[in-house]
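Residue numbers (our numbering): 16 to 277.
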């Protein structure tokens with residue numbers, strides 16, 4: 016919850032995001048991929064766990080305390096007029112993404128592997144329910160990876176996105192994002208990853224910190240190989256900005272990846 020002289024944002028809900036992510040290795044260095052998400056917005060059940068995590072990390076969010084008795088809220092107002100209001104129980108496609116990744120440099124004893132990435136976001140999401148922007152976005156980035164000391168791997172990437180169109184009448188501006196991650200290879204089948212990331216906001220001058228400020232997040236997760244071709248991953252994401260960023264307070268995610276060899 017955030018209120019300013021020009022705009023106010025009040026949100027309390029959870030989003031269940033499911034989807035299919037397909038990747039294909041066209042060559043040894045070139046990979047293409049596509050993601051098709053399905054979104055479900057509802058009042059959720061994570062209040063208790065989120066508060067527990069906040070108490071032991073960043074401290075309890077004041078905004079969460081204020082909305083303690085409200086099970087579901089989604090309202091953005093600007094100039095005294097509601098510009099966005101999503102209904103509870105809404106379900107639909109999100110925006111799909113087509114991606115490409117090409118490895119420019121192979122890893123050596125001194126240098127990391129470096130890849131260039133590109134992406135196009137397709138406006139397949141329901142714009143009326145704010146599951147999508149209604150316009151395509153274009154992204155470009157660099158990714159680096161370097162192993163050291165036998166069991167450690169460091170990752171880093173930097174990305175830029177150029178959106179088009181508007182959301183709720185608000186113009187979208189180019190954004191940047193970056194992350195640094197460290198993975199520890201515990202065993203042949205298990206690894207643990209810690210990550211820190213930042214991404215800027217596509218909004219400018221809306222008048223509320225929720226939309227005008229960027230987001231920093233911490234991530235902790237693991238990867239476990241259940242079978243030779245089946246990988247299970249789970250991770251938790253904590254927003255470190257309280258209400259000063261347009262991201263979920265807490266995210267819990269799990270992913271199953273099956274690899275098909277040709």
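Cβ coordinates follow ideal geometry from the N, Cα and C atoms, glycine included.
Everything numeric in this text was worked out from a predicted model, so none of it was measured.
When you compare only the Cα positions, how much space is there between residue i and residue j?
i, j, result
"residue 59", "residue 100", "17 Å"
"residue 92", "residue 48", "37 Å"
"residue 273", "residue 203", "17 Å"
"residue 63", "residue 74", "14 Å"
"residue 270", "residue 31", "13 Å"
"residue 36", "residue 24", "32 Å"
"residue 255", "residue 217", "19 Å"
"residue 276", "residue 244", "9 Å"
"residue 70", "residue 77", "12 Å"
"residue 51", "residue 117", "21 Å"
Spatial neighbours of residue i within its chain, please: C-beta separation below 7 Å, excluding the five flanking residues on both sides.
i, result
"residue 151", "135, 136, 137, 138 and 179"
"residue 156", "132, 172, 173, 174 and 175"
Given residue i, which residues of its chain have a CB within under 8 Å of its CB, disregarding the five upstream and five downstream residues?
i, result
"residue 177", "152, 153, 154 and 189"
"residue 107", "53, 54, 140, 141, 144 and 146"
"residue 278", "The requested residue 278 does not occur in the structure, where the chain is confined to residues 16 to 277."
"residue 221", "21, 22, 93, 185 and 227"
How is residue i classed by DSSP in three states: helix, strand or coil?
i, result
"residue 67", "helix"
"residue 221", "coil"
"residue 141", "coil"
"residue 226", "helix"
"residue 77", "helix"
"residue 16", "coil"
"residue 275", "coil"
"residue 90", "strand"
So residue i and residue j are in contact, right, with Cβ under 8 Å, and what is the actual spacing, rounded?
i, j, result
"residue 235", "residue 209", "6 Å"
"residue 232", "residue 72", "Not really, about 11 Å apart at Cβ, beyond 8 Å."
"residue 18", "residue 94", "The pair is not a contact, with the Cβ atoms about 13 Å apart (cut-off 8 Å)."
"residue 195", "residue 211", "6 Å"
"residue 167", "residue 199", "6 Å"
Any chance you could list the beta strand (DSSP E) runs of at least 3 consecutive residues sitting entirely within the stretch 32-65, in chain order?
45-57
Pick out the complete beta strand (DSSP E) segments inside the stretch 112-162, 3 residues or longer, and give them in chain order.
128-137
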